[in-house]
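Everything on this sheet refers to the single structure shown next.
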Ligand SMILES: NC(=O)c1ccc[n+]([C@@H]2O[C@H](COP(=O)([O-])OP(=O)(O)OC[C@H]3O[C@@H](n4cnc5c(N)ncnc54)[C@H](OP(=O)(O)O)[C@@H]3O)[C@@H](O)[C@H]2O)c1
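Below is the structure:
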């Protein structure tokens, strides 16, 4: 089969279009013909060599699959050949999805929502699963609460806005001014231009000095460091960004805050919950750009560049 391989870490040109053996499903596994995948910052982090100890070369990266079951291994009961499925492959555990075929355990695979195309479905599995884990499982966001979502125009952020609205929360989000209308169309109640306005002052103004019940951080760095300043008493903060620098949590202590850190985990239950929201019309990924698998280097270069004009996700067509 054709696959995009990494034989060395580096820039987008490190990718090579290669011919590799088609994988064979073992017991409890499913072989999927990949129709679409998408790209995430994790993919360029892997490509440039941020995790050399976790990614033995040669490697195939890619963390979203939408496709069709071609073959099932012994003991598989939930799927049959011909089923349309979607999932995020196990991270740092075997080949990824930049390939014509992928094998995964049936326990992490879900039935693709019928109302999404393969390109859309592949644009939701990782970001949707992450936002679900952050808002529902960890923050326990409730009806009528307020949430600040940092980075509301991004892959994770635009899905998090929709999820928070489906839960019944008031959503404040930070984006560039050029993305105000986009964020509002996702459901944001209040949009703040992070490039022009101090978001702490803006959130305190918008909440009449009370702060928000939940902060969802998709940015890290200074954005994360200042987030306790906008938390209400007993607020919860969830960050999905790896934090390299020490944090001063004195303001979080004063707020009786709880902190959660998420490294996305795979399971079918999460996908089924997302699917229910999709089918009810409450959740839909925005595909901001589409590239072919052969053009994966161009897609990576775009996602990595500043001011890339992207909203939502970059989807990759595999067939
Ligand atoms: N832990 C996990 O399991 C997990 C899972 C998924 C993602 N992540 C991490 O989460 C981060 C976001 O992922 P993603 O897929 O959403 O990336 P993405 O699609 O590249 O989106 C990032 C967004 O952040 C915006 N942005 C940049 N600086 C900002 C700031 N200071 N304030 C507000 N918005 C800002 C960018 O918009 P502009 O156009 O304005 O620059 C862009 O819309 C990445 O670091 C990724 O590695 C972690």
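Numbering (our numbering), first residue to last: 98 to 416.
Positions of the beta carbon are idealized from the N, C-alpha and C atoms, including for glycine.
As the structure is a computational prediction, the values presented were derived from the model and not from experiment.
DSSP places residue 330 inside the beta strand (DSSP E), whose first and last residues are 328-336. Straight-line spacing of the CA atoms in residue 301 and residue 308 works out to 6 Å.
Cβ-Cβ separation between residue 399 and residue 413: approximately 12 Å, too far for a contact (criterion under 8 Å). Within the stretch 179-266, the runs of beta strand (DSSP E) at least 3 residues long that lie entirely inside it are, in chain order, 181-184, 198-202 and 243-247. Here residue 112 is buried: its Cβ has 16 or more other Cβ atoms, across all protein chains shown, within 10 Å. For residue 349, the secondary structure class from DSSP, reduced to helix, strand or coil, is helix.
Burial of residue 296 is indicated by the presence of at least 16 other C-beta atoms within 10 angstroms of its C-beta. In this structure, the beta-carbon distance from residue 215 to residue 185 does not fall below 8 Å. Taking the Cα positions, residue 330 is about 21 Å away from residue 287. If you draw a 10 Å sphere on the C-beta of residue 375, you find 16 or more other C-beta atoms in it, and that means buried. In the structure shown, residue 397 falls within a helical segment according to DSSP collapsed to helix, strand and coil. Annotated as distal: residue 280 and residue 264, with beta-carbon spacing of 8 Å or more. About 5 Å separates the beta carbon of residue 236 from that of residue 335, a gap short enough to meet the 8 Å contact definition. In summary, residue 276 is buried, with 16 or more beta-carbon neighbours lying within 10 Å of its beta-carbon over all protein chains present. The beta carbon of residue 192 sits closer than 6 Å to the beta carbons of 157 from its chain, once the five residues preceding and following it are set aside; these are given in chain order. Relative to the Cα of residue 108, the nearest Cα in the group 169, 251, 134 and 146 belongs to 146.
Fewer than three pairs of CB atoms, one per stretch, sit closer than 8 Å, so the stretch 126-135 makes no contact with the stretch 400-409.
If you draw a 10 Å sphere on the C-beta of residue 245, you find 16 or more other C-beta atoms in it, and that means buried.
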